[in-house]
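So that you can map any letter, position 51 of the sequence shown is 51 in full-length UniProt numbering, and since no number is skipped, the others follow by simple counting.
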Amino acid sequence: MLLQVSGMSVSPNGDLVSVGWDDSIAFTSFPDSLDNVQSNKIKLSSQPRQLALGSGGKIAVVACQKSIIVFSDAKQTISENIEYEASCVTVASDSKLIAVGSQENKVHIYELSSNQMKKIKVISQTGSITSLAW
Numbered sequence: 001m002l003l004q005v006s007g008m009s010v011s012p013n014g015d016l017v018s019v020g021w022d023d024s025i026a027f028t029s030f031p032d033s034l035d036n037v038q039s040n041k042i043k044l045s046s047q048p049r050q051l052a053l054g055s056g057g058k059i060a061v062v063a064c065q066k067s068i069i070v071f072s073d074a075k076q077t078i079s080e081n082i083e084y085e086a087s088c089v090t091v092a093s094d095s096k097l098i099a100v101g102s103q104e105n106k107v108h109i110y111e112l113s114s115n116q117m118k119k120i121k122v123i124s125q126t127g128s129i130t131s132l133a134w
């Protein structure tokens, strides 16, 4: 069965993190060679739209259709339902801010601290948000 990958990123230590239309995130490490590939696959609450890594690859943020999910060291720490449909996501280099683009032409800015996420600003745009970067 072929599945569409909707986002992937490689951490500084060489681990591959990917999300796909099977509604899951996979953390894959390559210890010595391709013969020893190890993957940890975790089910998500809804279809992922995009993935972003922060804090040197320790933090993974997934913008799903109706939620934002944060992982720290491959363990889910936050799952926040959202009232809009997410289209893309980015994480600031210090992992303290997350920006999520939406189908409603807005960018939602969240502050990330401990195991909590707090919306601090919404920025309206004139067109759809398809990509974000700090």
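Even glycine gets a Cβ: it sits at the ideal position worked out from N, Cα and C.
Secondary structure note for Phe-71: its beta strand (DSSP E) is the uninterrupted segment 67 to 72. In this structure, the CA atom of Asp-22 is about 7 Å from the CA atom of Leu-3. Non-local beta-carbon contacts of Ala-74 in its own chain, meaning distances under 7 Å to residues more than five positions away in sequence, involve Phe-27, Asn-40 in chain order. Within a 10 Å sphere around the beta-carbon of Pro-31 sit fewer than 16 other beta-carbons, which makes this residue exposed. One thing to note: His-108 has its Cβ no nearer than 7 Å to the Cβ of Val-91.
For a cut-off of 8 Å, the C-beta gap from Ser-87 to Ile-129 is around 5 Å, short enough to register as a contact. In this structure, DSSP gives Ser-18 an extended state, which the three-state scheme calls strand. Distance from Ser-18 to Leu-53 at the Cβ level is roughly 11 Å; contact not present, criterion being Cβ atoms closer than 8 Å. Boundaries of the beta strand (DSSP E) around Leu-97: 97 to 102.
By the criterion of a C-beta distance shorter than 7 Å, Gln-125 is surrounded in its chain by Asn-105, Lys-106, Val-107, once the five residues flanking it on both sides are discounted.
In this structure, Val-37 keeps its C-beta atom at 7 Å or more from the C-beta atom of Ala-63.
The Cβ atoms of Gln-76 and Ser-46 lie no closer than 7 Å to each other.
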